[in-house]
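The sequence shown begins at 21 in this note's numbering and counts up by one. Cβ coordinates follow ideal geometry from the N, Cα and C atoms, glycine included. Only a predicted model underlies this, so the values are computations on that prediction, with no experimental measurement involved.
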Amino acid sequence: MRVVVISEHYHPQIGGAERVSQAIAEASAAEGWDTHVFTSGKPSDVEHLNDVTIHRFEISGNMTKGIKGDTRLIRKHLNELHPEVIVVYALQTWGADILLQNGNTAPSGARVILVPCGLSALSTLTRRLYYFSYLKRLKRDWQRFDHYIF
C-alpha cells in the first residue's frame, strides 16, 4: 500500500502538528507501507527518515489568504505516486485546499482521510467573518473526503 501524508510542516520543524504528522507517517511505514510526506520547505533531493520518504515543495498559504507556490507540481507528484491513501493533516492549509480547489478530487482514485484540526483561526468573530467563504465552500465540499479523524 502506498500512503501520502500531506502536512504543512514536518521534521525538523517541531510542534504538535508536526509530531502528529510524523507519528502517522512513521506508523504507516512500520506497517510496511510505502509512505511519503508532502510538506513545505526548500525543494531538495528526496529525503528519507525512519523509512518515510519526504518531498518538500516551495508552497505556503491557503485558499483564503492565497496559495503561494505551484499546486500543479504537487498534483503531478500525487498522480505519479498513485497512492491508495492520502492523509491530509489540518484544514486551512494548502494541503487540504489543493484537494478542494476548483472542484479537484483526489488523484488516482485514492481514499482521502482528513484530520480536520486547524480551525483555531476561527477563534474570534473577525476571523470567522474573514473565513466565511472558506467555511461555506467547506460545508459544500466536505463529502470529498472519504474519512475523518477527529
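- Within the region 77–137, the complete alpha helix (DSSP H) runs of at least 4 residues fall at 91–101 and 114–120.
- Note: T73 is bridge-paired with H56 and H68 in the DSSP secondary-structure output.
- Contact check between the region 49–59 and the region 69–81: three or more CB pairs, one atom from each, fall below 8 angstroms, which counts as touching.
- Scanning F152, D117, T144 and V132 for the CA closest to the CA of V23 turns up V132.
- For S153, the enclosing alpha helix (DSSP H) has its first and last residue at F152 to D161.
- Taking 9 angstroms as the cut-off, the Cβ atoms of S60 and E28 count as close.
- Take E67, set aside five residues on each side of it, and the residues of its chain with a beta-carbon closer than 7 angstroms to its own are I74, in chain order.
- According to the DSSP assignment, R164 belongs to no beta strand (DSSP E), since it is labelled neither H nor E.
- In the DSSP assignment, I44 falls outside any beta strand (DSSP E) and within the unbroken alpha helix (DSSP H) covering G36 to A50.
- R22 is bridged by DSSP to D54.
- When the beta-carbon positions are compared, I87 and D65 stay at least 9 angstroms from each other.
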